[in-house]
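Worksheet: one structure, shown below.
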Amino acid sequence: KQEVTQIPAALSVPEGENLVLNCSFTDSAIYNLQWFRQDPGKGLTSLLLIQSSQREQTSGRLNASLDKSSGRSTLYIAASQPGDSATYLCAVNTDKLIFGTGTRLQVFP
Amino acid sequence: GAVVSQHPSRVICKSGTSVKIECRSLDFQATTMFWYRQFPKQSLMLMATSNEGSKATYEQGVEKDKFLINHASLTLSTLTVTSAHPEDSSFYICSVTRPSLNEKLFFGSGTQLSVL
Numbered sequence: 015k016q017e018v019t020q021i022p023a024a025l026s027v028p029e030g031e032n033l034v035l036n037c038s039f040t041d042s043a044i045y046n047l048q049w050f051r052q053d054p055g056k057g058l059t060s061l062l063l064i065q066s067s068q069r070e071q072t073s074g075r076l077n078a079s080l081d082k083s084s085g086r087s088t089l090y091i092a093a094s095q096p097g098d099s100a101t102y103l104c105a106v107n108t109d110k111l112i113f114g115t116g117t118r119l120q121v122f123p
Numbered sequence: 037g038a039v040v041s042q043h044p045s046r047v048i049c050k051s052g053t054s055v056k057i058e059c060r061s062l063d064f065q066a067t068t069m070f071w072y073r074q075f076p077k078q079s080l081m082l083m084a085t086s087n088e089g090s091k092a093t094y095e096q097g098v099e100k101d102k103f104l105i106n107h108a109s110l111t112l113s114t115l116t117v118t119s120a121h122p123e124d125s126s127f128y129i130c131s132v133t134r135p136s137l138n139e140k141l142f143f144g145s146g147t148q149l150s151v152l
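Protein chains in written order, with this note's numbering: chain A, 15 to 123; chain B, 37 to 152.
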């Protein structure tokens, strides 16, 4: 059974810091992995999608890496801003999407 | 612009009533839509896969008679919570995927259901 874990569960940092959010999964047989952002009471926004054959994807200040063999992905946020405050979820796609428990990020001015 | 429209965004109802949530794919025809549920401080959990023109596929532990899913057209899926009870209070989100599994998922804005 696929299990997805995210560490840390919560993170509070001053703006400007570079951040690393971790995601681990137990079964490496995945099609892809996605990182999402969720603002309180809102839907999800897809940030980055990494195919199983890829090792990383970049979008602006975000960089996501994937090491399928070790069952790990990291989301790197450069020069964090207060507007980055949200919950970040990773999800692995097998024949369905399985979500991690999320990392609640707060960036304070 | 939004790819998926979900309505309503928030609903409060009395115990025993039924609530219908709509999910519309705006940009493309979606043969498959997914319904998720999220309890406070927990991760999203897949409830069911909605297939256009056929019966939905429910995940283990999800009561199909309680959570009725209808996918009558290629752009609309509905989730009806029948005889809602307080324990059904949750955040419900639908998502739409392009036919290829390797495409991104697009999510609705979610529906916060509160059953009194």
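Using N, Cα and C, we set each Cβ at its ideal position, and we do this for glycine too.
{"Asked": "Alpha carbon to alpha carbon, what distance is there between B/Lys-102 and A/Gly-116?", "Found": "28 Å"}
{"Asked": "Assign B/Glu-123 to one of three DSSP states: helix, strand, or coil.", "Found": "helix"}
{"Asked": "Taking 7 Å as the cut-off, decide whether the C-beta atoms of A/Pro-123 and A/Glu-31 are in contact.", "Found": "no"}
{"Asked": "Hey, is B/Glu-123 close to the ligand GDP, as in C-beta under 6 Å from one of its heavy atoms?", "Found": "Looking for the ligand GDP in the displayed structure turns up nothing, as the structure carries no ligands at all."}
{"Asked": "Return helix, strand or coil for A/Asp-81, following the three-state DSSP convention.", "Found": "strand"}
{"Asked": "Any beta carbon of chain B sitting closer than 7 Å to that of A/Lys-110?", "Found": "yes"}
{"Asked": "CB B/Lys-125 to CB B/Ser-145, shorter than 7 Å?", "Found": "For the sequence presented, residue 125 of chain B should be read as Ser rather than Lys. No, these two residues do not count as a Cβ contact at 7 Å."}
{"Asked": "Can you grab the Cα-Cα spacing for the pair B/Leu-137 / B/Ser-119, in whole Å?", "Found": "At B/Leu-137 the pLDDT is 49, less than 50, meaning the model places this residue with poor confidence; the figure from the coordinates comes in the next sentence. If you take the alpha carbons of B/Leu-137 and B/Ser-119, they lie about 34 Å apart."}
{"Asked": "Can you check whether the C-beta of A/Leu-89 is within less than 7 Å of a C-beta belonging to chain B?", "Found": "no"}
{"Asked": "From B/Leu-115 to B/Glu-123, what distance separates their C-alpha atoms?", "Found": "17 Å"}
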